[in-house]
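Beneath this line is the structure, given in structure tokens, with notes to follow.
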Amino acid sequence: MDFKSLLFYVFAFILIGAATRVITARNPVHAALFLVLAFFNAAGIWLLLKAEFLAIVLVLVYVGAVMVLFLFVVMMLDINMDRMREGFWSYLPLATTIGAVIVLEMAAVVWRGYADFEQSAEAAALNIGGTKELGMLIYTEYIYGFEIAAAILLVAMIAAVALTLRKRKDSKHFDPAEAVRVKRNDRLRIVKMDAVDQGAIDRASNAADALAAEQAAKAAEQAAPGAGKETP
Numbered sequence: 005m006d007f008k009s010l011l012f013y014v015f016a017f018i019l020i021g022a023a024t025r026v027i028t029a030r031n032p033v034h035a036a037l038f039l040v041l042a043f044f045n046a047a048g049i050w051l052l053l054k055a056e057f058l059a060i061v062l063v064l065v066y067v068g069a070v071m072v073l074f075l076f077v078v079m080m081l082d083i084n085m086d087r088m089r090e091g092f093w094s095y096l097p098l099a100t101t102i103g104a105v106i107v108l109e110m111a112a113v114v115w116r117g118y119a120d121f122e123q124s125a126e127a128a129a130l131n132i133g134g135t136k137e138l139g140m141l142i143y144t145e146y147i148y149g150f151e152i153a154a155a156i157l158l159v160a161m162i163a164a165v166a167l168t169l170r171k172r173k174d175s176k177h178f179d180p181a182e183a184v185r186v187k188r189n190d191r192l193r194i195v196k197m198d199a200v201d202q203g204a205i206d207r208a209s210n211a212a213d214a215l216a217a218e219q220a221a222k223a224a225e226q227a228a229p230g231a232g233k234e235t236p
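Take my numbering: the last position of the sequence shown gets the number 236, and nothing is skipped along the way.
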């Protein structure tokens, strides 16, 4: 067994273990981290197969962007694990069917052999790498499909920008630029008023309190039984 085969078995063993932990881990954050580990090992296997472009894209796109975003979303969400486990076994028939299809596909590939995956004689003679050969195929035989995929991605980007720029009438929002440009004279108005005699206000308040107390006392005397009658 050469060193390349040893690396392949190491990457494959770690990949299988990480993929198993993705579906068996109880913590969603741990499952996301194991998925990142699985992506790294898959990239290593692609490097051994001389597919450098696919390995770099897997690390940059899936690990660097998608999985990091997914990990932050999982960490910020309050996930109820008990509710997620409800009805888990109801998906067992579907999972068994998909797993059986994948096993049959892998068995068909192994049964047929790896002759179709060998590099062509012309490419081996020209010493063309996987990335260069992939680029030549994309821009020659598959140019129309490549342009259609690029147009679809462009439409998706424009739609995302349009959704963010759309203004709703029932939403409350403000422009940060306008908030920064606000001046004191635009929001604060200074009004000059005459001086207030606080002593006169206090005297008037005390007089009103005394009058109210006097009226309350008279009302109490009138309400008392036998009030105002002289004894013989």
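We put the CB at the ideal spot given by N, CA and C, even for glycine. Nothing here was measured: the structure is a model prediction, and the numbers come from that model.
Under 6 Å Cβ to Cβ from residue i, same chain only, skipping five residues before and after it: list those, please.
i: A47; result: A59, L62 and V63
i: V40; result: V67 and M71
i: L141; result: none
Have a look at residue i and residue j and give me their C-alpha separation to the nearest angstrom.
i: F17; j: F44; result: 13 Å
i: L81; j: N31; result: 12 Å
i: V223; j: A212; result: The amino acid at residue 223 is misidentified as Val; the sequence shows Ala. Their Cα atoms are separated by approximately 17 Å.
i: T135; j: L51; result: 11 Å
i: L10; j: W93; result: 38 Å
i: V165; j: V159; result: 10 Å
i: Y143; j: A153; result: 13 Å
i: L157; j: R193; result: 52 Å
i: V26; j: A181; result: 45 Å
i: R170; j: A112; result: 51 Å
i: W115; j: G149; result: 31 Å
i: A69; j: T100; result: 31 Å
i: S209; j: V184; result: 46 Å
i: E109; j: L167; result: 41 Å
i: G103; j: G21; result: 17 Å
i: A231; j: A214; result: Low per-residue confidence applies at A231: pLDDT is 49, beneath 50, and the placement is therefore not dependable, though the value from the model is reported in the following sentence. Between A231 and A214, the C-alpha separation is close to 23 Å.
i: A216; j: N189; result: 46 Å
i: E218; j: Q202; result: 24 Å
i: E254; j: R191; result: The question about residue 254 has no answer here: the residues shown for the chain are numbered 5 through 236.
i: D198; j: I205; result: 14 Å
Quick one: measure Cβ to Cβ for residue i and residue j, integer angstroms, because I've assumed they're closer than 8 Å.
i: A29; j: F38; result: 6 Å
i: L19; j: A42; result: 6 Å
i: L75; j: V33; result: 7 Å
i: V78; j: A36; result: 6 Å
Considering only residues of the same chain and omitting the five flanking positions on each side of residue i, which have a CB-CB separation below 7 Å?
i: E90; result: none
i: A220; result: none
Compare the Cα-Cα distances from residue i to each of the options and report the closest residue.
i: F12; options: T24, A36 and L53; result: L53
i: H49; options: S209, V184, K8 and G21; result: Before going on, a small fix: residue 49 reads as Ile here, not His. Minimum Cα distance to I49 is reached at K8.
Is the closest heavy atom of the ligand PLP to the C-beta of residue i under 8 Å?
i: N45; result: Ligands displayed in this structure: none; no statement on the ligand PLP is therefore possible.
Apart from the five residues just before and just after residue i, which ones in its own chain have a Cβ nearer than 8 Å to its Cβ?
i: T24; result: none
i: Y146; result: none
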